[in-house]
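Notes follow once the structure below has been shown.
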Amino acid sequence: MITDASVLQKGFVPDDSIHRNREVTALSRSLDPLTRGHIPDPVLLTGPSGAGKTTFTRFVVNQLEASAPETQAVHVNCWESHTRSGALFDALESLQVATALHRNSTSHDELLNHLAAIDKPVVLILDEVDQLDDTSLIYDCYATAGVTTILITNDRGELLREMDDRVRSRLQTADHIHFDAYTSQQLADILQARVDHGLVADAISEPQLLEIGDAAAGDARVALSILRTAAQTAAYNDRTTITTSDITDAIPRGKQSVRVRTLDSLREPQQELFRLLQATGETAPGELYEEFAATRSDPPTKRTVRSWLQKLAHYNLVEYSGEGPTRTYTPVRDAPQAV
DNA sequence: ATTCCACCGGAATAGCGGGATA
DNA sequence: TATCCCGCTATTCCGGTGGAAT
66 MITDASVLQK GFVPDDSIHR NREVTALSRS LDPLTRGHIP DPVLLTGPSG AGKTTFTRFV
126 VNQLEASAPE TQAVHVNCWE SHTRSGALFD ALESLQVATA LHRNSTSHDE LLNHLAAIDK
186 PVVLILDEVD QLDDTSLIYD CYATAGVTTI LITNDRGELL REMDDRVRSR LQTADHIHFD
246 AYTSQQLADI LQARVDHGLV ADAISEPQLL EIGDAAAGDA RVALSILRTA AQTAAYNDRT
306 TITTSDITDA IPRGKQSVRV RTLDSLREPQ QELFRLLQAT GETAPGELYE EFAATRSDPP
366 TKRTVRSWLQ KLAHYNLVEY SGEGPTRTYT PVRDAPQAV
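Per our numbering, residue 66 is the first one in the first sequence, and the count goes up by one each step.
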């Protein structure tokens, strides 16, 4: 059934840019000065989840590293490392200059000095940059000689709103490349290419791929996740073709697996709060706090719980509506079951 | 219209864990 | 070993907001 599982994994970088030629060409052109020893202007990539921003940035950067071998590229996920120095530390760690540094005892300035001291060109990819809680890191990167910054975010307007003026003015002149959501047909084409490389022949039909494309709503990560899940089910049952019910079953599980990582990155009491909200459904703030505090011997303050709820909302695990006294918190519909 | 109340979220601050330094 | 410095989280304090009660 599955001949090469790696092509179905989410970190997989394809060797062609199907349906993303325009964006790949634009990004390559923006980074082209590096092949002549110059430092390019910053680049801003926008577009919805699963539109290929991260994947094709890796794709272009891989090509770049072949044609400009002294260039070092580093990818930082600002969702996972959302503080100013946390993200910077991650970058230095990937560049392997952090060996003598420590995450909790090195000042931001010193980290910046280490970044500036690298004598080779650096391409710093700040993925999900809107998740940074302090955008001054972006300014610091702009101001560091030899660093090319690639910013990746969903919504340009939202990002600009959070910037301070120094960054905003530079960002407005940055090269801006927008990735549209894929159409169902485009997703089917992408899946077909992966199927050709990773599954046995005739494992799945064109209409079935379109069905997955429809279900994924423009998100290639979701589409691949559904395909992977369906293929694993078929393989588990010793079949060489994927049935329609394999796909139907895989759709909710595939959607869920794209989100599931978020729960692991929460601490225990925050997971507890989420579980409580899942159990009660839509809840008003006061009641939610009372119930949560009742389960703990050493309850946190209301302010702390508000911060946790913000964090859960940030992770798309919780939604809220209304302001002040009319606010209610709701667990999102297809959130993963608590572990 | 005014007052009251619960709540939001920014800012300042304290405490903690951990590495560096003397 | 004692002390300092750092990032990070939780806490304290508080001005602001909007619906409900008077």
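Here a beta-carbon is modelled for each residue, glycine too, at the ideal position from N, C-alpha and C.
**OP:** From the DSSP output, in three-state form, read off Ala138 for me.
**Re:** The answer is strand: DSSP assigns Ala138 an E or B state.
Subject >> Inter-stretch contact (C-beta, 8 Å, three-pair minimum) for the region 104–115 and the region 231–240 >> reply: Yes: at least three Cβ pairs fall under 8 Å.
Subject >> Per-residue burial, His179 [other beta carbons within 10 Å of its own, 16 or more giving buried] >> reply: Residue environment for His179: buried (at least 16 other C-beta atoms within 10 angstroms of its C-beta).
Subject >> 3 or more residues per run - each beta strand (DSSP E) lying fully within the region 184–234 >> reply: Runs found: 187–192 and 212–218.
Subject >> Cβ pair Ile277, Ile312 closer than 8 Å >> reply: Yes. Within cutoff.
Original post:
Given Val162, which residues of its chain have a CB within under 6 Å of its CB, disregarding the five upstream and five downstream residues?
Top reply: Excluding residues within five positions, the ones whose Cβ falls inside 6 Å are His179.
**OP:** Select from Glu333, Asp329, Thr213 and Leu374 the residue whose C-alpha is nearest the C-alpha of Pro350.
**Re:** Check the Cα spacing between Pro350 and each of Glu333, Asp329, Thr213 and Leu374: the tightest is with Leu374.
**OP:** Provide the residue span of the alpha helix (DSSP H) that contains Leu176, from first to last.
**Re:** His173 to Ala181 is the extent of the alpha helix (DSSP H) around Leu176.
Original post:
Taking buried to mean at least 16 other C-beta atoms within 10 Å of its own C-beta, is Gly76 buried or exposed?
Top reply: Gly76 should be labelled exposed.
Original post:
Taking Val188 as the reference, which of Ser172, Asn86, Glu130 and Asp198 has the closest Cα?
Top reply: The shortest Cα separation from Val188 among Ser172, Asn86, Glu130 and Asp198 belongs to Glu130.
**OP:** Let me know if His103 comes out buried or exposed under the rule of 16 or more other beta-carbons within 10 Å of its beta-carbon.
**Re:** Note on His103: under 16 other CB atoms within 10 angstroms of its CB, so exposed under the neighbour-count rule.
**OP:** Measure the C-alpha to C-alpha separation of Phe244 and Glu88 and round it to an integer number of angstroms.
**Re:** Distance from the CA atom of Phe244 to the CA atom of Glu88, rounded to whole angstroms, is 7 Å.
Original post:
Does the pairing of the region 218–232 with the region 196–205 give three or more beta-carbon distances under 8 Å?
Top reply: Segment contact: the region 218–232 against the region 196–205, three or more CB-CB distances shorter than 8 Å; contact assigned.
Original post:
So, is Asp195 buried or exposed, given that buried needs 16 or more other C-beta atoms within 10 angstroms?
Top reply: With 16 or more Cβ atoms within 10 Å of its Cβ, Asp195 is classed as buried.
Original post:
Nearest CA to the CA of Thr209: which residue from Ile217, Ser322 and Leu153?
Top reply: Out of Ile217, Ser322 and Leu153, Leu153 has the C-alpha closest to the C-alpha of Thr209.
Original post:
In the DSSP assignment, what are the bridge partners of Leu110?
Top reply: DSSP lists Ile217 and Ile242 as partners of Leu110.
Subject >> Of the residues Ser172, Asp174, Ile183 and Ser170, the one placed nearest Ser159, counting alpha carbons only >> reply: Taking only the C-alpha atoms, the option nearest Ser159 is Ile183.
**OP:** Identify the continuous beta strand (DSSP E) that holds Thr393 and give its terminal residues.
**Re:** For Thr393, the uninterrupted beta strand (DSSP E) run begins and ends at Thr393 to Pro396, by DSSP.
Original post:
Where does Pro390 fall in DSSP's three states?
Top reply: Three-state DSSP puts Pro390 in a helix.
Original post:
Where Ser146 and Leu92 are concerned, what is the direct C-alpha to C-alpha distance, given to the nearest angstrom?
Top reply: The C-alpha of Ser146 lies about 25 Å from the C-alpha of Leu92.
Subject >> Same chain only: Cβ atoms within 8 Å of Gln250, ignoring 5 sequence neighbours per side >> reply: Sequence-distant Cβ neighbours of Gln250 in its own chain, meaning closer than 8 Å and more than five residues away, are Leu275 and Gly278.
Original post:
For the region 291–310 against the region 257–265, are there 3 or more C-beta pairs whose distance is under 8 Å?
Top reply: Short answer: they touch.
Subject >> Counterpart residues of Glu384 in DSSP-defined beta bridges >> reply: Glu384 is bridged by DSSP to Thr395.
Original post:
Hey, Val78 and Phe124 are a contact pair by Cβ (cut 8 Å); roughly how many whole angstroms apart?
Top reply: Val78 to Phe124, Cβ: 5 Å. Contact.
Original post:
What distance in whole Å lies between the Cβ atoms of Gly387 and Thr393, which are believed to be in contact at a cut-off of 8 Å?
Top reply: In this structure Thr393 is in contact with Gly387, their Cβ atoms being roughly 6 Å apart against a cut-off of 8 Å.
Original post:
Under three-state DSSP, which class holds Thr308?
Top reply: Coil.
Original post:
Span of the alpha helix (DSSP H) holding Asn127?
Top reply: Taken as a continuous stretch (DSSP letters only), the alpha helix (DSSP H) holding Asn127 covers Lys118 to Ser132.
Subject >> Thr348, DSSP secondary structure in three states >> reply: Under the three-state reduction of DSSP output, Thr348 falls in the strand class.
Original post:
By DSSP, does Ile67 sit in helix, in strand, or in coil?
Top reply: In the structure shown, Ile67 sits in a strand (DSSP, three-state: E or B).
**OP:** Look up Leu264 in the DSSP assignment and give the residues it is bridged to.
**Re:** Residue pairing from DSSP places Leu264 in a beta bridge opposite Ile67.
Original post:
Grouping DSSP H, G and I as helix and E and B as strand, with all else coil, what is Gln74?
Top reply: In the structure shown, Gln74 sits in coil (DSSP, three-state: anything other than H, G, I, E or B).
**OP:** Determine, using beta carbons only, whether Leu342 and Leu331 come nearer to each other than 8 Å.
**Re:** Taking 8 Å as the Cβ cut-off, Leu342 and Leu331 do not qualify as a contacting pair.
**OP:** Helix, strand or coil for Glu145, going by three-state DSSP, please let me know.
**Re:** It is coil, neither helix nor strand.
**OP:** Just mark Lys185 as buried or exposed, buried being the case when its beta carbon has 16 or more other beta carbons within 10 Å.
**Re:** It counts as exposed.
Original post:
Do you know offhand how far Pro105's Cα is from Gly319's?
Top reply: In a straight line, the C-alpha of Pro105 is about 38 Å away from that of Gly319.
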